Each structure stands twice: as structure tokens, then as C-alpha cells.
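Visitor:
Residue numbers (our numbering): 8 to 205.
1. So, at 8 Å on beta carbons, what are the nonlocal neighbours of residue 30 in its own chain, with the 5 sequence-adjacent residues on each side left out?
2. Kindly indicate which three-state DSSP category residue 128 falls into: helix, strand or coil?
3. Can a CB atom of chain C be found closer than 8 Å to the CB of residue 57?
4. Do you know offhand how far residue 184's Cα is from residue 159's?
5. Beta-carbon within less than 7 Å of residue 23's beta-carbon, same chain only, minus the 5 sequence neighbours each way: which residues are those?
6. When the Cα atoms are used, what is the spatial distance from residue 34 to residue 54?
7. Which residue from 199, 193 and 201 puts its Cα closest to that of residue 27?
8. Thinking just about the alpha-carbon of each residue, which of 171, 154 and 176 is nearest to the one in residue 161?
9. Kindly indicate the opening and closing residues of the alpha helix (DSSP H) around residue 139.
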């Protein structure tokens, strides 16, 4: 990828309109900070991601309302004992900041762009497959409106003639890492959303 094709990264705080959930599995949960810095004051805690043996795993859900230098600004976090299968846990519901690598959601699009603009250059085109069906989100770098800037790694590819799927080798996975802007964020943990983006 040439420098001209690299994804644009915001240098100031952005505003966003998406949702996600915490994927922190440490028993002490995820610290929410007062600003986008690791040494900022801790204002609250989000309980740990729960891994259930019936595969109905559950992370604390929240709104994502901003981003700044790899951090995401959240609000409205809530626990759901019906899904965690645990007693209700104390959860910080206010506004605060968490690292982008601790946030998860699905991306129902395989079209990655240079900027948060569908007319900008396409850096990834999975031809109808979704990013989170073909690979994983490594880190949420930033967001803007309904767009997210992601570091991603693909784990599968589709043969263009037969449409058969194959798992990538370790070397192929390393070569398939990238960064791009995507739409189609889905924050429903159990299933897909009704709408997907091209």
C-alpha cells in the first residue's frame, strides 16, 4: 500500500453514532477513564466479558459517541443479568473513555475506504462478504458519525471462480492485515442486524 492509499486518521476528537460492547475478560473488568489517556482518572468500571459454555457470551453494551487518538468515548453502559447469567453487576453508566482495542461489534460490510466517505478510495473489497465474517477487528482506531476506522486481520478468503471459502495460512493472515474505514456496524451480540452496507 502506498502512502497515498493509507487510511485517513483524525487528529482531533470526533463525534460518532454507533454502539458496541466491551471484550475485556479480566475479572476486575474494564476501567473507564475521564479522558483519552492511560493515566487519566478512573471514573468507573465495566464488568468483565462473560464466556458461557452454551456460546451465549455477553459483553457490557454501550453507545460510542466519540473518539480521540485510539480511545473511544462511551455512555449508557448497562449490564443484563438475563444474558450474563450472573446477578446484576455494578456498571458505570456515565460518559468516559476506553481503549479502542477493548471494544467489539460486527461489521456487516466488506467495503473498506480511505476516508469516512463512500466516494473515497476503496482499500478493501470483500465482494459481498462481511469483514467480521472473513476476519477479525484488531483495534478500533477512530470513528466518525456511523463510520469506524479499524485495524483488521483477515482469516479466510473466497475463491472468485468457485466461491469456496478457505482458511488463510499464518503467512497469508499477516499479509492480509490492514486499516480502513467501514460502515455497517452491528452491536447485536447474538445475531446480525437487519441492515448491511455495500
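Backbone N, C-alpha and C define an ideal beta-carbon position, used for all residues, glycine too. Note that the structure is a prediction, hence the values are computed from the model and not measured.
Guide: In short:
1. 56, 66, 109, 110 and 111
2. coil
3. Absent from the structure is chain C; it holds one protein chain and no more.
4. 6 Å
5. 71, 72, 73, 74, 150, 151 and 152
6. 8 Å
7. Considering only alpha carbons, the answer is 193.
8. 176
9. Residue 139 -> alpha helix (DSSP H) spans 138 to 141.
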